[in-house]
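Undergrad: Numbering (my numbering), first residue to last: 115 to 301. Think of the CB as a built atom: it goes at the ideal place given N, C-alpha and C, for glycine as much as any other residue. Have a look at the structure that comes next, please.
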């Protein structure tokens, strides 16, 4: 949930009011719905047993809802990453840690522990989307670094003499762009 205290100037007062109402509704609805699901789980579990079919069915519903919400949470980030053609403030290192960790966790839950699919599917879905996000970011980083490398070929090749020593200026410019290339790739 995003609280925007400084609304964009392009928003009309009606849009601002709708945004504030949506933020308020979500701020109340998300914790309330989580509380309702938790209470429902405890009521079903105490009445029917925590390993009954009804509780497993309820777990399937919750797992499916969790997967849909988890899938929906990464779509705006993917759209933003594509529109700005880069990671913005998103940490690539964080994604490199989370994506394999989520995959390993989901595989452990599925294979080693034999947990029900509703337990691990949302974690696997999130890690797959993190890998997709890593791919998008790396694509744009490579695209930017190639653009920088292509720009290095614009400079004419000429030489100058400094203190009796001839220096090829194009080599100096290419070295600067190689450094910039690594800067864009890894920072």
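Taking the alpha carbon of residue 234 as the reference point, which residue from 180, 135, 211 and 254 has its own alpha carbon closest?
TA: Sequence index remark: in the chain shown, residue 234 carries index 120 (1-based). When each option's Cα is compared against that of residue 234, the closest is 180.
Undergrad: Taking 8 Å as the cut-off, does the stretch 203 to 215 touch the stretch 137 to 157 (at least 3 CB pairs, one atom from each stretch)?
TA: With a cut-off of 8 Å, the stretch 203 to 215 and the stretch 137 to 157 do not count as touching, because too few Cβ pairs lie within range.
Undergrad: Using beta-carbon positions only, say whether residue 238 and residue 218 come within less than 8 Å of one another.
TA: Position 124 of the chain shown, counting from 1, holds the residue named residue 238. Position 104 of the chain shown, counting from 1, holds the residue named residue 218. No, the pair does not count as a contact, with Cβ atoms beyond the cut-off.
Undergrad: Is residue 227 a contact residue of the ligand ADP, with contact defined as CB to any heavy atom under 7 Å?
TA: Inclusion of the ligand ADP in the displayed structure is not the case, the ligand content being empty and no account of it being possible.
Undergrad: What three-state label does DSSP hand residue 201 in the structure shown?
TA: Taking the chain shown and counting its residues from 1, the one referred to as residue 201 is at position 87. Coil, per DSSP.
Undergrad: What separation, rounded to the nearest whole angstrom, lies between the Cα atoms of residue 178 and residue 232?
TA: Within the chain shown, residue 178 is the residue found at index 64, counting from 1. Within the chain shown, residue 232 is the residue found at index 118, counting from 1. Answer to the nearest angstrom: the Cα atoms are 7 Å apart.
Undergrad: Let me know the secondary structure DSSP gives residue 147 once reduced to three states.
TA: Sequence index remark: in the chain shown, residue 147 carries index 33 (1-based). Three-state DSSP puts residue 147 in a helix.
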